[in-house]
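Report on the following structure.
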Amino acid sequence: MEAVTTSQRPVLRPLLVLALGFLLTGAFAQVPLIDRLERAFADGATDSVLHQLERVLRDPSGPASLRFDAWMLQAECWLQRMNLERFKVATDSAATLIPGNDAQRRARVEVNRCRHAAYFTQTARSHKHGTAALALFRRAPDRASWKYAHLIYQAQGTVYRNWPRGEDSAMAYFDTAQILLARRPELLPFWRALLHKAVSNAAMDRMRPGQPERERFAALCDREQRTALAILQKHHPGQVAEIGMLQNLRGLYHIYADRPDSAWLWLRRSEELMMASGTQDAHLAIWFSSLRWQTFLLDRPEHWSDIPLLKRHLARLQQAQGRFTAFATERTQAQGLFFQDTYWYSPFASTVTLCARLWELTRDTAYVDNALWMVEKTRRDAWNIAQDLRGRPDLRLGDPPPQMLQAVRRMLHDREAVLLCVQDSRAGYRSFSTVLVVTRDSVSFRFLERGFEPTTGSEINSRDMIVFRRTYHDLHRQLYAPIAQLLQDVDRVRVFPSGAMAYIAFDALLADTIGPDISSWHPLVERHAFSYPLMLLPMESRDVPNTGREYYLAPAPGPGSLTDLKRVRAAMRRWGGDATVDSSGAWSRMVGSIPHAGVLYLSGHGAGISGLDQEPRHYFGTDTAGSSAYMQPSDLLPLDLQAPLVVHLACASGFFEPDRNAGPISFARAFLFAGARSVLSTAVPTDEGATIRLVDLFRAELAAGHPSDIALQRAKLAYLEQSEHDEGQLPMHWAGWQIHGEGMTVEAPRLWWPWLLAVVLIMGMVVLWGWGRRSPKSR
Amino acid sequence: MSGDDAIQDLLEAYHEGRLSDADRVLFEERLRTDTALAERLANYRDTRRAIEQGFADEHVRAMLKGVEQRGAEDGHRIDHEVRSLLLEVKRREAGRLRRSHRLRWSIAAAVTGVLAVGAWWLLRPMELPRLAADFAVQEAPLPVFMSAERASSVVLDEVMQAYDMGHDAEALELLADLPASDTVLFYTALVHMRTGQGAAAELDAIIARPGSPYHAKALYHRMILAMRNNDSALAERLWRIQLALPRHPYRERLEALAAETGWKP
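Right, here's the structure in full:
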């Protein structure tokens, strides 16, 4: 290359400066774009901002820093709309664009992860991410220049909001956040409003009934809410979403402060604002939460018997349900499908509570119809969303029939009943729990004692028989004893729990507590066979032919960090023979074989902690390294299962999180969504030896021709009879096992080869006969 | 009436005590001199005794009746028939007596036998090794959770798997790799007991720690071990210690054992 001569320099220098200037202008021009968009977002133009951000993100050649900021702003938009699925996707996308040494951006991602977990009150997870962000900030030499440093402390304050006796820490973090925010005058007032809102929310938790310093925190909450509202109304009057949410929160504040008239006023004001904004779809979550909190006011003595008022509110909830279906369909993703706290504002539970009250007041079976319809509708919605995610819209179901009571009774067999258990939690107040029983000729729809605590059902985990006995006898007394008469001639009960009701193992409810062991306590398994179907009205005939053979996915051996489940592997070989047992632990092989299985047995290690993880995991063997070592429920959705029965042997294979709107989130649900008709799985940790014993008994009952729910009941009874020691009778070994889906008879697959053999033999005989007739002539 | 009939009536009247005192004296005088008459009286008495003893043979009675009816027609023939019938009666009576004797002896022998067996059962020496086998408890392995979350020891899990599957050598080998703990001691003792090795040291070490979760069970298995070794004094002492424990998992077994051994609290 020819060297540049000295004479050329005066000409080139201005050109270089111009070129550099042009480049720098281009680069700097992008920074104000994000600032402009942030300003627009703060002013409430979220739709437009999202549109602009989409354009930025569609350009893959854009600078990584710009794309990072675009993702992070997008995350902020989704968080405001309480779309936590997209919030997480945006945050994860931003995380992929961070250079290794960029502590500030890493801290921002950790903050978002902390906020995501805090939304679901997953305190351990939120604390982990919040602490990581804080550590990055404290170690950073340039921390004084961090623009959103206050969000780190604000997020940590929110973590301690959910911490028992964490109020001092929470307020200390919020104070630091305020100091850091004050040092950044260039930041929009919007961020100050959000910080005040966060402080008011933490204070409001401490002014709930029963809290020790209600008055002090009530005053703080009031002041912070007013400040936040004032800032927004002054600087960002178009910020309808935040103003609407704050108005809702003002309503909730007045509920806790026992000022119902003010509460009505604020909640209605929020509702009207949402209606008037014209962008209702974006703000539906605010409307739903307003309706839910209005329901909190209805059980006050002056309203609880006001039939017209209750009916009006029920009509509004039902109207909201119509919108909720589309709302949830549009935003739900495969992970967890209705994760526990994602749709806390769903109208489902409030509707059932109001139906129960109106039934009490009027004895009009229309309210039973309404409650049943609501249960079925919510479950069908979840099914439809799952089918959309699976790419099988052809399997979507329509709305349930309005005359649900009649439809359910038509579906019921002799000596069969439906049992609905719905928990309506009340954010600091004692929850409502309703139980609806339908048999062929009777119905019972009643409230349990106010404050009935279904989470005690998780005591089936307990290794202390005294604790278990006391808890499950108490549950029997409160939940089952009032309906025992109705169910006295019933053999099979189809249970539809929602919310924390899913913690209860109905088999283990104890009629008695006197006596040395479980057999003298008369667990309910002695009286009924329970199943936990997906829907009230089965999609097809209950019994379907088994078209495939049994298939066994056994735990893979190996030198990994988990225990090699050799006994289960040996049991599977005994059950199925070597030909049908796959212990490779290779998901790619399993994906090929699972869809063709008639009865699928799957065994391994369960994992996933509610409060820490988003989905449970199933490890195929002893290895935990890498994502191919395990599967998650969302991995099952693309499959197309034919199996009438899946037997899933792993800890907590049938329960991960309760779902406010339906049965528990679990692998079992994913198997059913993917096409399996019934699943045997356990809600609790399970022991390898006890599992094998129970499944041995279950298989024997199944082979005797019993439907899966009755086979499980008989297997449990036989198991208890064989277990003479306390250790064997622990409820975790037997009570946690449940049939999800339809309890059905699983026939052995019809073999084709005997027919073929018979045809060949007959044809052979015909040929021989013909030959015999011809041969004399030939001679 | 023939002379035979008159004698027959006389015999009958004499036998039945219907003769007047004078006739009776005369008749008895005649008996002393007339041996044929005395023999005939003896025969008659035998016959009457047989009948009076209620010999329930309707056929014989009918025949006797027939003989009586035909007696007037043929005295000799009647006499002969009566004698043959009397012989038949005697033969049957002797048979019955023999059978009766045999039955009585059998009953006596049976009662003596039962008494002897009962006495042996009650007074037999206690067989502690046999009771040890009857009362031994097969302890369940600790749970092996099918979970990736629980903080579990893979080696301990493998011990439990080996113990459950009866792979005793493997279980002992794995147990030796684990740091000493009550769990390790307890399951080592169980495997030792199952394989007929001494387990007293391990069990005693647990018994020495009353706070151990295995304390009551260790006492029980130590008692079984003592019974297996026919050490009655130690077994009984351990049994008493266990009865004093407030919550013993095998209380029912301990009470049943007392019924077998006669141990008193």
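Line order of the protein sequences matches chains A and B. The number in our numbering is simply the position in the first sequence, starting from 1, with 78 added. The number in our numbering is simply the position in the second sequence, starting from 1, with 1362 added. Ideal Cβ placement from N, Cα and C applies to all residues, glycine included.
Quiz item: Using a Cβ-Cβ distance under 7 Å, would P1541/B count as near chain A?
Solution: no
Exercise. Tell me whether H491/A is buried or exposed, calling it buried when 16 or more other Cβ atoms sit within 10 Å of its Cβ.
Key: exposed
Quiz item: Where does D236/A sit, in a helix, a strand or coil, going by DSSP?
Solution: Strictly speaking, residue 236/A in this sequence is Thr, with Asp absent from that position. The answer is helix: DSSP assigns T236/A an H, G or I state.
Exercise. Can you have a look at L1459/B and say buried or exposed, based on whether 16 or more other CB atoms are within 10 angstroms of its CB?
Key: exposed
Exercise. In angstroms with no decimal places, state the Cα-to-Cα distance between S1382/B and H1442/B.
Key: 31 Å
Quiz item: So is A107/A in contact with chain B if we call contact Cβ pairs under 7 Å?
Solution: A caution first: A107/A carries a pLDDT of 48, below 50, which makes its placement in the model too unreliable to give a value.
Exercise. Under 9 Å between beta-carbons, which chain A residues line up against D1526/B? List them in chain order, please.
Key: R645, E766 and G767
Exercise. Would you identify the three-state DSSP class for R508/A, choosing helix, strand or coil?
Key: strand
Exercise. Would you identify the three-state DSSP class for E735/A, choosing helix, strand or coil?
Key: strand
Quiz item: Can you list the residues of chain B that Y697/A reaches, using a CB-CB cut of under 7 Å?
Solution: A1510
Exercise. Taking C-beta pairs closer than 7 Å, name the residues in chain A that E1617/B reaches, listed in chain order.
Key: By Cβ distance, chain A contributes nothing, its closest Cβ being about 12 Å from E1617/B, past 7 Å.
Quiz item: Going along the chain, which residues of the stretch 575-603 of chain A sit with their C-beta nearer than 9 Å to a C-beta in chain B?
Solution: P594
Practice problem: Report yes or no: do the stretch 1503-1517 of chain B and the stretch 1595-1613 of chain B share at least 3 C-beta pairs separated by less than 8 Å? | Solution: no
Quiz item: Alpha carbon to alpha carbon, what distance is there between P763/A and G469/A?
Solution: 33 Å
Exercise. Tell me, please, which residues DSSP counts as bridged to H818/A.
Key: Y610/A and V757/A
Quiz item: Is there a Cβ from chain A that is less than 7 Å from the Cβ of P1627/B?
Solution: no
Quiz item: Just by C-beta distance, which residues in the stretch 786-808 of chain A are closer than 7 Å to chain B?
Solution: H803, D804, E805 and G806
Quiz item: For D466/A, which of A213/A, Q411/A and A789/A has the nearest alpha-carbon?
Solution: Q411/A
Exercise. Report the rounded CA-to-CA distance for F1532/B versus L643/A, giving the unit in angstroms.
Key: The residue you asked about is not Phe; residue 1532/B is Glu in the sequence shown. Computed Cα separation, rounded: 16 Å.
Exercise. Within its chain, find whatever has a CB closer than 7 Å to the CB of Y423/A; leave out the 5 residues flanking it on each side and keep chain order.
Key: A363, F366, S367 and R370
Practice problem: Could you tell me whether any Cβ in chain B is nearer than 7 Å to the Cβ of T103/A? | Solution: Confidence at T103/A is low in this model, with a pLDDT of 48, below 50, so the placement of that residue should be treated as unreliable; the coordinate-derived value is given next. Output row for T103/A: interface = no.
Quiz item: Opposite M709/A in the DSSP bridges: which residues?
Solution: H696/A
Quiz item: Just the Cα atoms here: how many angstroms apart are G704/A and F698/A?
Solution: 12 Å
Quiz item: To the nearest whole angstrom, what separates the beta carbons of L1373/B and R1402/B, a pair I think is in contact under 8 Å?
Solution: 7 Å
Quiz item: Do the stretch 574-584 of chain A and the stretch 798-808 of chain A make contact, defined as three or more Cβ pairs closer than 8 Å?
Solution: no
Exercise. Kindly give me the distance between the Cβ atoms of W344/A and L375/A, rounded to whole angstroms, as I take these residues to be in contact under 8 Å.
Key: Contact doesn't hold; Cβ gap of about 11 Å is too wide.
Self-check item: Same chain, Cβ closer than 6 Å to L1547/B, five either side skipped, listed in chain order
Solution: E1564, A1567 and I1568
Quiz prompt | Proximal residues, the stretch 1595-1620 of chain B versus chain A, C-beta separation under 8 Å | solution = P1611 and E1614
Exercise. Pick out whichever of L144/A, G682/A and E302/A has its Cα sitting closest to the Cα of S731/A.
Key: G682/A
Quiz item: From T103/A to P110/A, what distance separates their C-alpha atoms?
Solution: Model confidence at T103/A stands at a pLDDT of 48, short of 50, so the residue's coordinates are unreliable and nothing is read from them.
Quiz prompt | CB contact flag (L214/A, A181/A, <7 Å) | solution = yes
Quiz item: Taking all protein chains shown into account, do 16 or more other C-beta atoms lie within 10 angstroms of the C-beta of D1519/B, making it buried, or fewer, making it exposed?
Solution: buried
Quiz item: Taking a cut of 9 Å between CB atoms, which residues from the stretch 1565-1595 of chain B lie near chain A?
Solution: none
Quiz item: Can you give the beta carbon distance from L387/A to L432/A, rounded, assuming they're within the 8 Å contact cut?
Solution: Contact doesn't hold; Cβ gap of about 10 Å is too wide.
Practice problem: Indicate the three-state DSSP secondary structure (helix, strand or coil) for Q108/A in the structure shown. | Solution: For Q108/A, the pLDDT reaches just 48, beneath the cut-off of 50, and the residue's location in the model is therefore unreliable, although a value from the coordinates is still provided. Note: Q108/A maps to helix in three-state DSSP.
Quiz item: Per DSSP, R570/A forms a beta bridge with which residues?
Solution: E494/A and A607/A
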